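Note sheet for the following structure.
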Amino acid sequence: MKAMLSGFAAIIIIGVGAYYGLHMLDFSSQDVFSSPNVRLD
1 MKAMLSGFAA IIIIGVGAYY GLHMLDFSSQ DVFSSPNVRL D
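Residue numbers for the sequence shown follow UniProt numbering, beginning at 1 and rising by one.
As C-alpha cells, this is what we get:
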C-alpha cells in the first residue's frame with residue numbers, strides 16, 4: 001500500500017514538473033505543432 005501511494009505521488013510530481021518545465025522552455029504542443037500562419041496569443 002505504501003509503495004502504491006508513493007508511486008502515485010511520484011507520478012503527480014513528475015507530471016506537474018513536466019508541465020511547468022516544458023511551458024517555461026516554450027516547448028508546449030501549441031508552439032511545436034503550429035505553423036507560422038497560426039496566431040498564438
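The C-beta atom is built at its ideal place from N, Cα and C for all residues, glycine as well.
On a predicted model such as this, the values are computed, not experimentally measured, just so you know.
Where does residue i fall in DSSP's three states?
i: Met1; result: coil
i: Ser35; result: coil
i: Ser29; result: helix
Using a Cβ-Cβ cut-off of 7 Å (strictly less than) and excluding sequence neighbours within five positions of residue i, which residues of its own chain qualify?
i: Val16; result: none
i: Ser28; result: Leu22
Just to confirm my understanding: we take residue i, look at its own chain, exclude 5 residues before and 5 after, and list those with CB closer than 6 Å. What are they?
i: Phe8; result: none
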